[in-house]
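As they're listed, the protein sequences go chains A and B.
Using the numbering used here, you'd call the opening residue of the first sequence number 1 and step up by one each time.
Using the numbering used here, you'd call the opening residue of the second sequence number 292 and step up by one each time.
The structure appears below as structure tokens.
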Amino acid sequence: MIPAQFDYVRPGDLDETLRILKDREGEAKLLSGGYSLIPLIKLRLAQPGLLVDLRDVSGLDGITETDDYLSIGAKATHRQIHDATVVADRYPLLQDVTDVIGDPQVRNWGTIGGSVAHADPASDWPAVLLATSATLVCRSQTGERTIAARDFFIDTFQTAIEPTEVLTEIRIQRRPRGAGAAYEKLERKVGDFATVAAAAMVGLGADGRIARAGIGLTGVAEAPFAATDAEAVLTGNAPSDELFRRAGAAAGAQSRPFGDVRGPVEYKRAMAAEMTLRALHRATKRAQAYA
Amino acid sequence: MTTQHISVTVNGETHEADVEPRLLLVHLLRDTLGLTGTHVGCDTSHCGACTVHIDGASAKSCTMLAVQADGRQIKTIEGMADGATLHPLQQAFWDQHGLQCGFCTPGMIMQSATLLADNADPTEQEIREGISGNLCRCTGYVNIVKAIQQAATEMAAAAETQTGSPVAAS
């Protein structure tokens, strides 16, 4: 498959990138790893006039923990995230994702920022960012702003990023003691997009009850979304299989899946409940082990 | 649309070319440089037949633009053998009959090479996960896995001979 023609630039830094985005607003598209965008360009589902390659823009791939959050540079590859010591030590949720996203070649080059900005409704990272109430940092010529993950995924392939902005960083709240999270993905075959996937975050209070809960679902609506009804079921209650089943049922009920080759609506709804249930069990085990 | 001047080092040899930005790396390799060992299978980033190494990391060359490879080191299947001596992975695929039609083999071997570079002594499960982005449609993966296991054993033995100490003892 041969892509349609486009122009290509490789700016040397972020300021130059932002200037190009402003000058060529509406026709410029950012290129990071390319594993989301290039397949679409080859299929001619996307036909940007100008590709702006972020390869030479440095300082966007760090993975560091502050007192408040884990900062992941938008250009960090899935592989870099997987291999980061801080992730391996304290954020098994993220390794749940990096274990199942695409395949080894995709993980070598695909980036978290590219994946998130692309916003495929069945992609993996958004569910995690929703469950953990992450924050996304965008830069434009007029400055920097932060967007809550829950305000970010607007529709299929649509996010809150403006055409003149670059997504620079993802901030995931620092994991406190008593908190755990997990990602459960149902896929037809290894490396596939999710049929349904659920990310669950559970924060246990001193009394062992669920003080905070976050659930993000992917594959079961026009965009990934936070299963707020399920979160409300969980909050304030003691973790149990029965409670988790009720939360799963709420997550399934809040889903708006489309029937397609990956299954009919009823199946996807049932699987949204099941993946939520499984993710909650694993998240709670991790929370209890991190007391 | 303006062409871009790029310079890529493929199997140790530097090539310069003026390319359209839309040219895919796999087409640069096959059509411009004549290195047809890298195959185009699915053309949709799934099958891995086009796998090459870019700066040491495996990539699907049908999902990368040639301009993205500017200034980088690329290794293809043609760069694996040492003269008439096959790379241990190539020899192992031969010995274990790790192929039928051979279409997926260049990609399988390139991906296996990075798999073994990361993990010199992989379990069968780790091998299967490591080649999960490479599809064989002739047969199962049994002989492919055996071939990678043979190569791992031989490469570890060769490394031990060279350094005098076992590698990847863990």
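Built from N, CA and C at the ideal position, the CB exists for glycine as well.
Source: prediction; values computed, not measured.
- In terms of Cβ geometry, proline 39 of chain A and threonine 354 of chain B form a close pair [threshold 8 Å].
- Straight across, the Cα-Cα distance linking isoleucine 72 of chain A with glycine 114 of chain A is about 12 Å.
- Under DSSP, alanine 348 of chain B forms a beta bridge with B:Ile345.
- Annotation: leucine 51 of chain A to proline 224 of chain A spans about 26 Å, alpha carbon to alpha carbon.
- Between alanine 360 of chain B and valine 299 of chain B, the C-beta spacing is below 8 Å.
- Not a single C-beta of chain B is nearer than 8 Å to the C-beta of arginine 44 of chain A.
- Within 10 angstroms of the beta-carbon of serine 36 of chain A lie 16 or more other beta-carbons, which makes it buried.
- Contacts with chain B (Cβ-Cβ distance below 8 Å) from the region 98-122 of chain A involve Gly102, Asp103, Pro104, Gln105, Val106, Asn108, Trp109, listed in chain order.
- Just so you know, the alpha carbons of glutamate 451 of chain B and threonine 327 of chain B end up roughly 34 Å apart.
- Excluding residues up to 5 positions away in sequence, Gly73, Lys75, Ala76 lie with their Cβ nearer than 6 Å to the Cβ of aspartate 61 of chain A in the same chain.
- Approximately 20 Å separates the beta-carbon atoms of threonine 329 of chain B and proline 379 of chain B; this is outside 8 Å, ruling out the contact.
- Residues are counted here when their Cβ sits less than 7 Å from a Cβ of chain A; for the region 414-425 of chain B these are Gly421, Ser423, Gly424, given in chain order.
- Beta-carbon to beta-carbon, alanine 198 of chain A and alanine 253 of chain A are separated by about 14 Å, too far to satisfy the 8 Å threshold.
- Note that the C-beta distance between isoleucine 210 of chain A and alanine 226 of chain A is not below 8 Å.
- Under the DSSP assignment, isoleucine 210 of chain A falls in the beta strand (DSSP E) whose first and last residues are 210-218.
- Assigned with DSSP and collapsed to three states, lysine 268 of chain A falls in helix.
- A:Arg107 is the residue among A:Ala119, A:Thr111, A:His118, A:Arg107 whose C-alpha sits nearest the C-alpha of threonine 405 of chain B.
- Around the C-beta of arginine 188 of chain A, fewer than 16 other C-beta atoms lie within 10 Å, and the residue is accordingly described as exposed.
- Counting C-beta pairs with one atom in each stretch, the region 260-277 of chain A and the region 311-328 of chain B have fewer than three that are closer than 8 Å, which means they do not touch.
- Close to chain B, meaning a Cβ-Cβ distance shorter than 8 Å, are the following residues of the region 3-14 of chain A: Pro3, Ala4, Gln5, Phe6, Asp7, Tyr8, Arg10.
- Chain order gives the chain A residues near valine 358 of chain B as Tyr8, Arg10, Asp53, where near means a beta carbon separation below 8 Å.
- Of the candidates A:Asp68, A:Pro163, A:Asp15, A:Pro163 places its Cα closest to the Cα of histidine 118 of chain A.
- With its beta carbon at least 8 Å from every one in chain B, valine 220 of chain A lies outside the interface.
- When the alpha-carbon of threonine 195 of chain A is set against those of A:Gly259, A:Leu130, A:Glu16, the nearest one is in A:Gly259.
- When only Cα atoms are considered, glutamate 369 of chain B and glutamine 381 of chain B end up about 11 Å apart.
- Leucine 31 of chain A and alanine 238 of chain A have their C-alpha atoms some 46 Å from each other.
- Not a single CB atom of chain A sits nearer than 8 Å to the CB of alanine 408 of chain B.
- About 6 Å separates the Cβ atoms of leucine 426 of chain B and cysteine 395 of chain B, confirming a contact at the 8 Å cut-off.
- Note that the region 411-420 of chain B does not touch the region 339-355 of chain B; fewer than 3 beta-carbon pairs, one per stretch, sit closer than 8 Å.
- Under DSSP, lysine 22 of chain A takes part in no beta bridge, so it has no partner.
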